[in-house]
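Visitor: Chains as they are written, first to last, in the working numbering: chain A, 1 to 171; chain B, 1001 to 1319. My questions all concern the structure below.
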């Protein structure tokens, strides 16, 4: 059955864990949850395909788990807080998983985070329907004005500071 | 009479807990994060709350996908730290305040917020990391009892920002109708911008975060109108947990004093945000951090009105 189209499906690179995915991914997430117990981790590692049978996954879900295709797991109803337990079972840090999902090396991903993270510019919308993103691309100077006109929340006049700096203030 | 005197917003990044537990706080990367909470710990030590209500979310620790309560109030006498895959965090067991929690549950449900009551629950980094950031690392016991309020922000849709804000107001009415004199602080945790799932993971939006913090102080009602789509688009799929800060904000006065703010990028995959807000009717001026003088004839009449409104709703419910 095709997934019902949602407004948030327009956000690029994002699989929102909604009620429909929660239903579809129940088995994946319960499988991941089972990995909280050491005995289960051992049983899974001993025979992955056999262990997975207990959770009634679809063939696609089983394949995604066996291949450690984390994006596909999310698409098929896995939730990141659950699939992270599979990553931990494999001995991976969370940053390793994040890098895998973004298609970057862990080193590059870590460098991106230190540099202030992935910019939202150009990453708001697949369709370009999102006006502030579309106009931001159009022209550098007029962009901020256009954005604040179309989106009240970005009215903040503050100049953005260098991203990786901390700021603390006491009033 | 019990009273909410201040609200604390804080991120609850798990890696912060790991850095604490593994003694990495002096490493430059982590020092940048922890240094932002030094003043906050001083503030907390001076404020000495009798109880803390901590609004947080569980991360597949206490709740799997078997049950997904939207608002779950911890009414137990204690909440052990959960094993999140590396053994439970080496932090003291969190002691609850069952009497106040039961009172809050009763008051808030009759105030039309249908909470789930939890009498047995483990708590994960979502709750214990902000506790560490504000209370430090006590060995044997946390300095005050805690009432956990777990909010579903894992499965879409979480409660709306507006619903969260209104729940904060109901919590306040509940606390203020409790007879014992208690100083209560409320934590809103999670955020700020971050996305940890999918090809867009790593998203940070500092401009949006700053605007959120500004409005949290000055114009929280504006924040209550932000739709979920915008949180996810602008602040990342997991950035939607910022709605929990609005429960904290709703429990405070309309006008607050922003006592402290801190922001840094990144901690692991997340923008760290932190704010301390005190109800503005407190003596303003020099050392607000001392936070001792709690007057309030205006407050009293407001509380009387609040009690009345609870009774009104309660009696309506009985019909």
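Think of the CB as a built atom: it goes at the ideal place given N, C-alpha and C, for glycine as much as any other residue. Since the model is a prediction, treat every value here as computed from it, not as a measurement.
So, does the CB of residue 1234 of chain B fall closer than 8 Å to a CB anywhere in chain A?
Guide: Interface residue, yes.
Visitor: Identify whether residue 1016 of chain B lies in helix, strand or coil by the three-state DSSP scheme.
Guide: Helix at residue 1016 of chain B.
Visitor: Give every residue of the same chain whose Cβ lies closer than 8 Å to the Cβ of residue 62 of chain A, excluding the five residues on either side of it in the sequence, and list them in chain order.
Guide: Closer than 8 Å at Cβ, skipping near neighbours: 49, 52.
Visitor: List the residues of chain A that residue 1156 of chain B touches, going by C-beta distances under 8 Å, in chain order.
Guide: By Cβ distance, chain A contributes 8, 16, 17, 18, 19.
Visitor: Which of helix, strand or coil does DSSP assign to residue 1188 of chain B?
Guide: Strand at residue 1188 of chain B.
Visitor: Taking buried to mean at least 16 other C-beta atoms within 10 Å of its own C-beta, is residue 83 of chain A buried or exposed?
Guide: Counting Cβ neighbours within 10 Å, residue 83 of chain A comes out buried, since at least 16 surround it.
Visitor: For residue 1007 of chain B, does the three-state DSSP call read helix, strand or coil?
Guide: Strand.
Visitor: Quick check on the burial criterion: 16 or more other C-beta atoms within 10 angstroms. Buried or exposed for residue 1195 of chain B?
Guide: Counting Cβ neighbours within 10 Å, residue 1195 of chain B comes out buried, since at least 16 surround it.
Visitor: May I ask which residues mark the beginning and end of the alpha helix (DSSP H) holding residue 40 of chain A?
Guide: Element bounds for residue 40 of chain A: 38 to 46.
Visitor: So for residue 1273 of chain B, helix, strand or coil by DSSP?
Guide: Note: residue 1273 of chain B maps to strand in three-state DSSP.
Visitor: Would you call the stretch 1056 to 1069 of chain B in contact with the stretch 1143 to 1154 of chain B, where contact means no fewer than 3 C-beta pairs closer than 8 Å?
Guide: Judged by Cβ distances under 8 Å, the stretch 1056 to 1069 of chain B makes contact with the stretch 1143 to 1154 of chain B, as three or more pairs qualify.
Visitor: Let me know if residue 21 of chain A comes out buried or exposed under the rule of 16 or more other beta-carbons within 10 Å of its beta-carbon.
Guide: Buried: at least 16 other Cβ atoms inside 10 Å.
Visitor: Check whether the Cβ of residue 1219 of chain B lies closer than 8 Å to any Cβ atom in chain A.
Guide: False, the Cβ-Cβ gap to chain A never drops below 8 Å.
Visitor: Tell me which residues share the same chain as residue 1121 of chain B and place their Cβ nearer than 6 Å to its Cβ, disregarding the 5 neighbours each side in the sequence.
Guide: 1062, 1074, 1079, listed in sequence order.
Visitor: Using a Cβ distance threshold of 8 Å, determine whether the stretch 101 to 110 of chain A contacts the stretch 1185 to 1203 of chain B, with at least three qualifying pairs required.
Guide: The stretch 101 to 110 of chain A vs the stretch 1185 to 1203 of chain B: in contact.
Visitor: For the stretch 73 to 93 of chain A against the stretch 9 to 27 of chain A, do three or more pairs of beta-carbon atoms, one drawn from each stretch, fall closer than 8 Å, so that the two count as touching?
Guide: Touching, yes, given that three or more Cβ pairs across the two stretches are closer than 8 Å.
Visitor: Quick one: which unbroken alpha helix (DSSP H) runs of 4-plus residues sit fully inside the stretch 1055 to 1116 of chain B? Chain order, please.
Guide: Complete alpha helix (DSSP H) runs here, min 4: 1098 to 1110.
Visitor: Please list, in chain order, all residues of the same chain as residue 1266 of chain B whose beta carbon is under 7 Å from its beta carbon, the five residues on each side excluded.
Guide: Same-chain partners within the cutoff: 1204.
Visitor: Please state the DSSP three-state secondary structure of residue 1278 of chain B.
Guide: In this structure, residue 1278 of chain B counts as strand in the three-state DSSP scheme.
Visitor: Determine the burial state of residue 56 of chain A: buried for a count of at least 16 other Cβ atoms within 10 Å of its Cβ, exposed for fewer.
Guide: When all chains shown are included, residue 56 of chain A counts as exposed.
Visitor: Does the ligand PLP have a heavy atom nearer than 7 Å to the CB of residue 57 of chain A?
Guide: Of ligands this structure carries none, so the ligand PLP is not represented either.
Visitor: What three-state label does DSSP hand residue 1257 of chain B in the structure shown?
Guide: Here residue 1257 of chain B sits in strand by DSSP.
Visitor: Could you check what DSSP says for residue 7 of chain A in three-state terms: helix, strand or coil?
Guide: In this structure, residue 7 of chain A counts as helix in the three-state DSSP scheme.
Visitor: Taking the runs of the alpha helix (DSSP H) that are 4 residues or longer, which of them lie wholly in the stretch 1119 to 1189 of chain B?
Guide: The stretch 1119 to 1189 of chain B contains these whole alpha helix (DSSP H) runs: 1125 to 1135, 1161 to 1176.
Visitor: Taking the alpha helix (DSSP H) that residue 65 of chain A falls in, what are its first and last residues?
Guide: Residue 65 of chain A -> alpha helix (DSSP H) spans 59 to 66.
Visitor: When the Cα atoms are used, what is the spatial distance from residue 1207 of chain B to residue 1271 of chain B?
Guide: Cα-Cα distance, rounded: 11 Å.
Visitor: Could you pull the start and end residues of the alpha helix (DSSP H) that residue 120 of chain A belongs to?
Guide: Counting along the chain, residue 120 of chain A falls outside any alpha helix (DSSP H), and DSSP gives it neither H nor E.
Visitor: Along the alpha helix (DSSP H) that carries residue 73 of chain A, what are the first and last residues, could you check?
Guide: Note, residue 73 of chain A: alpha helix (DSSP H), 70 to 75.
Visitor: Mapping DSSP to helix, strand and coil, what is residue 1266 of chain B?
Guide: Correct three-state label for residue 1266 of chain B: strand.
Visitor: Check the Cβ-Cβ distances between residue 1229 of chain B and every residue of chain A, and say whether any is below 8 Å.
Guide: It does: the Cβ of residue 1229 of chain B has a partner Cβ on chain A nearer than 8 Å.
Visitor: Does chain A have any CB closer than 8 Å to the CB of residue 1254 of chain B?
Guide: By this cut-off, residue 1254 of chain B is not an interface position.
Visitor: Any beta carbon of chain B sitting closer than 8 Å to that of residue 5 of chain A?
Guide: No - not a single Cβ of chain B is within 8 Å of the one on residue 5 of chain A.
Visitor: Using a beta-carbon distance below 8 Å, is residue 1153 of chain B in contact with chain A?
Guide: With 8 Å as the cut-off, residue 1153 of chain B does not count as an interface residue toward chain A.
Visitor: For the stretch 68 to 80 of chain A, list every residue whose C-beta sits within 8 Å of some C-beta in chain B, in sequence order.
Guide: Hits within the stretch, in order: 71, 74, 79, 80.
Visitor: Tell me which residues share the same chain as residue 1044 of chain B and place their Cβ nearer than 7 Å to its Cβ, disregarding the 5 neighbours each side in the sequence.
Guide: Excluding sequence neighbours, residue 1044 of chain B sits near 1134, 1135.
Visitor: Inspect the beta-carbon positions of residue 1263 of chain B and residue 1273 of chain B and report whether they are closer than 8 Å.
Guide: Yes.
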